[in-house]
Ligand code: EPU
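In our numbering, the protein residues as written are 5 to 359.
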């Protein structure tokens, strides 16, 4: 990205890159053409401290940006975008039970997972090929094919953007839930994650309960899969079902799968006997938003430049030239259909910013 010269009101010797009126189109995987009034690239926690120490800091709204793969920019951002580019990955400890691997928040998630598997440390294989960065993974507790990152999470380091202080948060402190954490609720906007440490199990067991994974391994004739086998299977399934953001703009699943109580589920089954459903340990039932959307006739459909992906109805795609309002228009139309047909509310899964 071309960066304009430093602006004096934010000037600090330790800031690497600071720009005004910066384009964000190449920094969000949906390819939405928003701009940021201010933009800073953060390569070290020290640079962030330098920025927080400037008088201008408290006067600006802030947005922490990782890989931009879970973000819908529905308008320009009139504040300061902090683009996290903190790198580094390392085995920091090991005991009889686990390897403890720490990575900078700006590391690319896909590359990081591949690197752990190359080193012979299993545990993240079900999360292969998810777009985004290491630092963003705990924010929405990324999950796929029967595993959530919370299950491999040890702790994270973050900077409190209000006070400038460094904090270390363990799994309990992060309050992980389904595509959810403290950072999407009461602490939204408060922290910038600088590094994450994962606990990768030595007594590893493959997680192959998810129907697609079991089917793929069976088709490959693999009865006792290694972590690499599971990763290969997940990569194959994802490549078939989910659009590569490098080819077609998208933000992964656009809605969360709705979780309903048993009575609501029973009512729905009475009218739709083939409703896919996943009973949860707490007695609730998770439904498949992709199925609900497909049933409403949206799969492969479009409104203007935004469409519903042909191979997975839960993913909205940029068919070219989409703007934030186009995405929201289609999202609202889908929500209205699902409400009318099933009396269910679909909640967006990515962070939606503005207008
Ligand atoms: N389905 C349809 N039509 C569709 C899509 C799905 O009928 O167009 C049905 C499938 O046949 C299946 C069920 O819905 O019975 C579930 O589909 P799938 O296994 O593809 O998973 P999903 O529930 O749609 C979730 C995650 C994905 C994750 C996959 C695999 C959410 C919001 N999405 O999708 O995560 O990769 O499971 O674990 O939980 C993401 O968060 O961005 C994401 C891609």
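By construction, the Cβ of each residue, glycine as well, lies at the ideal position given by its N, Cα and C atoms. This one's a predicted model, so the numbers in the text were calculated from it and none came from an experiment.
A buried status is given to residue 87, since no fewer than 16 other beta-carbon atoms sit within 10 Å of its beta-carbon. Excluding residues up to 5 positions away in sequence, 290, 291, 292 and 293 lie with their Cβ nearer than 7 Å to the Cβ of residue 261 in the same chain. One alpha carbon belongs to residue 51, the other to residue 57, and they sit about 10 Å apart. Between the ligand EPU and residue 257, a heavy atom-to-CB distance of less than 8 Å is present.
Our two residues, residue 204 and residue 113, have alpha carbons roughly 15 Å apart in a direct line.
DSSP, read as helix, strand or coil, puts residue 96 in strand. A Cβ-Cβ separation of about 5 Å places residue 257 in contact with residue 318 under the 8 Å criterion. The DSSP-derived three-state label of residue 154 is helix.
Residue 184 and residue 143 have their C-alpha atoms roughly 7 Å apart. C-alpha of residue 249 to C-alpha of residue 255: approximately 8 Å in a straight line.
Across the structure, residue 253 and residue 99 are spaced so that their CA atoms are roughly 42 Å apart. One thing to note: residue 358 has its Cβ within 9 Å of the Cβ of residue 38. Residue environment for residue 135: buried (at least 16 other C-beta atoms within 10 angstroms of its C-beta). For residue 69, the pairing in a beta bridge is given by DSSP as 87. The alpha-carbon of residue 167 is positioned some 38 Å away from that of residue 123.
In this model, residue 59 and residue 172 are separated by some 26 Å (Cα to Cα). For residue 105, same chain residues with a beta-carbon under 8 Å away, outside a window of 5 residues either side, are 93, 94, 95, 96, 120, 125, 201, 202 and 204 in chain order. For residue 279, same chain residues with a beta-carbon under 6 Å away, outside a window of 5 residues either side, are 272 and 273 in chain order. In the three-state reduction of the DSSP assignment, residue 324 falls in the coil class.
Residue 286 is classed as exposed because its beta carbon has fewer than 16 other beta carbons within 10 Å across all chains shown.
For residue 200, the uninterrupted beta strand (DSSP E) segment begins and ends at 195 to 205. Collapsing the DSSP output to three states places residue 256 in a strand.
The beta carbon of residue 325 sits closer than 6 Å to those of 309, all from its chain and outside the five residues before and after it, given in chain order.
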